[in-house]
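**Student:**
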Amino acid sequence: MAENTPSFDLISIIPGWIFGDDEQATTAEYFDSATTNALLMGFLRGSVAPFPMSGNSVHVEDVAQLHVAGLDPKIPGNQAYFATSDGIKGTIYEDGIDIIKKHFPEDIAQGRLKTTGKLPTITIRIDASKTEKTFGTKFIGFEGQVKSVVNQYLEITKN
Numbered sequence: 001m002a003e004n005t006p007s008f009d010l011i012s013i014i015p016g017w018i019f020g021d022d023e024q025a026t027t028a029e030y031f032d033s034a035t036t037n038a039l040l041m042g043f044l045r046g047s048v049a050p051f052p053m054s055g056n057s058v059h060v061e062d063v064a065q066l067h068v069a070g071l072d073p074k075i076p077g078n079q080a081y082f083a084t085s086d087g088i089k090g091t092i093y094e095d096g097i098d099i100i101k102k103h104f105p106e107d108i109a110q111g112r113l114k115t116t117g118k119l120p121t122i123t124i125r126i127d128a129s130k131t132e133k134t135f136g137t138k139f140i141g142f143e144g145q146v147k148s149v150v151n152q153y154l155e156i157t158k159n
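Each residue of the sequence shown is one higher than the one before, starting from 1 at the first, in full-length UniProt numbering.
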């Protein structure tokens, strides 16, 4: 960028694992595919992950909003912005079990969701407060991410 001095700035958005409702998800098979939502739903349906994941996640709506807002010339360019929720503590994936117990107890009782899954977290502390401050936003937390994905899964698989 410094060598060529283009007439635009480069704004790099660096997201964690991206979760949230996905308009491409129209069948139950989507939740068994190679997507981040499928990984989350596998865990919330009782799967045991073969490896731990970094504890950094963000809702898809937050990532989309950052990409659009990044076009605003008021956003300082030629720098990177982290997009991860829940502050410096980040995401603890196994908290997803408590989240579904709180919000979806009937679906657990019916066997549509399970509390036996395992998805270990590797804690990597990333401070995304600069991004939230610069863009004037507050990222949707892991609880909102889980609710978003689970609601879509339950809607698609209700029959």
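Think of the CB as a built atom: it goes at the ideal place given N, C-alpha and C, for glycine as much as any other residue. These figures come from a predicted structure and were not determined experimentally.
Quick check: the Cα distance between R125 and A83, rounded to an integer number of angstroms?
**Tutor:** For this step, residue 125 is matched to residue 125 along the sequence shown. For this step, residue 83 is matched to residue 83 along the sequence shown. R125 and A83 have their C-alpha atoms spaced approximately 12 Å apart.
**Student:** Shortest alpha-carbon distance to Q145 belongs to which of S85, I108 and K101?
**Tutor:** For the purposes of this step, residue 145 is taken as the residue at position 145 of the sequence shown. Checked all of S85, I108 and K101; the closest Cα to Q145 is S85.
**Student:** Give the list of continuous beta strand (DSSP E) stretches no shorter than 3 residues that lie fully inside the region 72-136.
**Tutor:** Within the region 72-136, the complete beta strand (DSSP E) runs of at least 3 residues are 79-83.
**Student:** Given 8 Å as the limit, is there contact between the region 95-104 and the region 62-81, that is, 3 or more CB pairs closer than that?
**Tutor:** no
**Student:** Measuring straight from C-alpha to C-alpha, what distance separates Y30 and L39?
**Tutor:** One-based indexing of the sequence shown puts residue 30 at position 30. One-based indexing of the sequence shown puts residue 39 at position 39. Approximately 11 Å, taken between the alpha carbons.
**Student:** Following the continuous beta strand (DSSP E) through residue 217, name the residue where it begins and the one where it ends.
**Tutor:** The structure shown does not extend to residue 217, since the chain is modelled only from 1 to 159, so the question has no answer here.
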